[in-house]
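Numbering (our numbering), first residue to last: 1352 to 1824.
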């Protein structure tokens, strides 16, 4: 088996449970940067007693000792200590497994690789290594390991998704969705493969299929984590919050989803206070979800640049969440960066279940942009009108068409569209803002203020609402 020790070190440093005393790590890494690994080992050995529960220290020490003559046994002890510190660390168990394999202790190595696959069922490296261990030991589970290793192979994964991706790129979203459904319902595919399928579906905007794939993967996870969070995002983007009834909303990620529900239902202050309380706790939460909540809070308070930064952070933490760019486009729109809003919206028009919302944002940006060409406005207006006929019950499209009608001074149609958007989604902020603007145009400042007061329950600092409010004084 080929071992990539620099990769192991990087992985270990990325997955530490408790940094402990960082001084020991900083000193050791500075010695490593100078090429003096032996001195780095001595430094880490000296710090072991001072930082006995520092996961990263033990993993880094183990990695360095692997590369030193006669250092394997001590390296293994450091890796085992890392496993004791955090039994849920895949990096620690993978490190121990690789060392045991190098030392020819195959049965023990197999146990560690099995632990890795239990913690991370889609870990290709662990399944491939476990396959080799089973071959060496004559384990009866060889055939099953071979099947799972083959199904998780990057080339096999690419082949499996190629037809769906090709259909999506050609604009055949219906065909791509059908291919995804076939994959999700294929009983011959191991459950371990559905994390990658779910991520790809989410990345391309097939939200319901993503949720189904990720749910199938979650069935084999003893402790739901990444896949459960991604499934939550998929359902949230579909405006489906029924699943929260089966979720513990008192701790961890569940409490963050509860904050989002509070914000969206007009309980902004309650949601903000809850988030402040959660932030003071030490519950394990998803960095992507934390950044998303921060972004939503910032956007509602009119802190648009902060919101943009938070939504960018979400995508850095989890690249499959391209859909979050939708909120980034909204923040750009609120900030008045209309070119950026239109650009982001156009990028999202290819996402299957989010194309309508993306088109709606682009139309709103075009309507606000004084420098926008008449041709550009006519084209996006045509697109939104066309989509609205295909999806008459889409609140985002109805609200966007309300703004278009408002600009055209067709006040009756504007009211009809805004009212319909609100009937479909009582928390649709664009529709409430639109009705406030319509009231102003119809010289009804009392109604305009009433609508703005309603909007303040959802977004007390909304920058567009503030601008409108200033004109009513």
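Glycine included, every Cβ here is placed at the ideal spot set by N, Cα and C.
| Asked | Found |
| --- | --- |
| Under three-state DSSP, which class holds residue 1559? | helix |
| Is it buried or exposed, residue 1740, if we count other Cβ atoms within 10 angstroms and call 16 or more buried? | exposed |
| Can you name, in chain order, every residue of its own chain whose Cβ lies under 8 Å from the Cβ of residue 1493, other than the five neighbours on each side? | 1482, 1485, 1486 |
| Let me know the secondary structure DSSP gives residue 1824 once reduced to three states. | coil |
| Taking just the CA atoms, how far does residue 1376 sit from residue 1503? | 34 Å |
| Report the rounded CA-to-CA distance for residue 1450 versus residue 1629, giving the unit in angstroms. | 40 Å |
| Which first and last residues belong to the alpha helix (DSSP H) in which residue 1606 is found? | 1603–1615 |
| If we ignore side chains and look at the alpha-carbon of each, how far apart do residue 1489 and residue 1456 end up? | 14 Å |
| What did DSSP end up calling residue 1830 once you bin it into helix, strand or coil? | This structure leaves residue 1830 out entirely; the chain is present only between 1352 and 1824. |
| Measure the C-alpha to C-alpha separation of residue 1793 and residue 1532 and round it to an integer number of angstroms. | 49 Å |
| Alpha carbon to alpha carbon, how far is residue 1567 from residue 1588? Give it in angstroms, no decimals. | 19 Å |
| At a cut-off of 7 Å, is residue 1534 close to the ligand MG when judged by its beta-carbon and the heavy atoms of the ligand? | The model on display carries no ligand, and the ligand MG is accordingly not part of it. |
| Buried or exposed for residue 1583, going by 16 or more other Cβ atoms inside 10 Å? | buried |
| Out of 1648, 1639, 1784, 1749, which one is the CA nearest neighbour of residue 1627? | 1648 |
| Go ahead and label residue 1386 buried or exposed: buried means 16 or more other beta carbons lie within 10 angstroms of its beta carbon, across all protein chains shown. | exposed |
| Where do the ends of the alpha helix (DSSP H) carrying residue 1698 lie? | 1689–1699 |
| If you draw a straight line from the C-alpha of residue 1436 to the C-alpha of residue 1406, how long is it? | 6 Å |
| Quick one: is residue 1419 buried, meaning 16 or more other Cβ sit within 10 Å of its Cβ, or exposed? | exposed |
| Using only the alpha-carbon positions, how far apart do residue 1562 and residue 1374 sit? | 43 Å |
| Please list, in chain order, all residues of the same chain as residue 1682 whose beta carbon is under 6 Å from its beta carbon, the five residues on each side excluded. | 1650, 1655, 1658, 1659 |
| Is the separation between the beta-carbon of residue 1711 and that of residue 1680 shorter than 8 Å? | no |
| Mind checking residue 1733: buried by the 16 CB within 10 Å criterion, or exposed? | exposed |
| The alpha helix (DSSP H) with residue 1571 in it runs from where to where? | Where residue 1571 is concerned, there is no enclosing alpha helix (DSSP H), given that its DSSP letter is neither H nor E. |
| What separation, rounded to the nearest whole angstrom, lies between the Cα atoms of residue 1815 and residue 1779? | 14 Å |
| My assumption, with CB atoms under 8 Å, is that residue 1707 sits in contact with residue 1555. Please give the rounded CB distance. | Actually they do not touch by this definition, with Cβ atoms about 15 Å apart. |
| Measure the CB-CB distance between residue 1593 and residue 1579 and report whether it falls below 8 Å. | no |
| Sorted by chain position, which residues of the same chain lie with C-beta nearer than 7 Å to residue 1684's C-beta, five sequence neighbours on each side aside? | 1692, 1712, 1715, 1716 |
| Touching or not, the segment 1639–1648 and the segment 1659–1679, by the rule of three or more beta carbon pairs under 8 Å? | yes |
| What alpha helix (DSSP H) runs, 4 residues minimum, are completely inside the segment 1476–1536? | 1493–1503, 1505–1520, 1524–1535 |
| Label residue 1474 either buried or exposed according to how many other C-beta atoms from any shown protein chain fall within 10 Å of its C-beta, with 16 as the threshold for buried. | buried |
| How about residue 1527 and residue 1553: do their beta carbons lie closer than 8 Å? | no |
| Please state whether DSSP places residue 1454 in a helix, a strand or coil. | coil |
| Grab me the residues of residue 1394's own chain with a C-beta within less than 8 Å of its C-beta, minus the 5 sequence neighbours each way, in chain order. | 1375, 1378, 1379, 1382 |
| Classify residue 1681 as helix, strand or coil using the three-state DSSP reduction. | helix |
| Along the chain, where does the alpha helix (DSSP H) containing residue 1546 start, and where does it finish? | 1545–1554 |
| For residue 1623, which residues from the same chain have a beta carbon less than 7 Å from its beta carbon, with the 5 sequence-adjacent residues on both sides left out? | 1648 |
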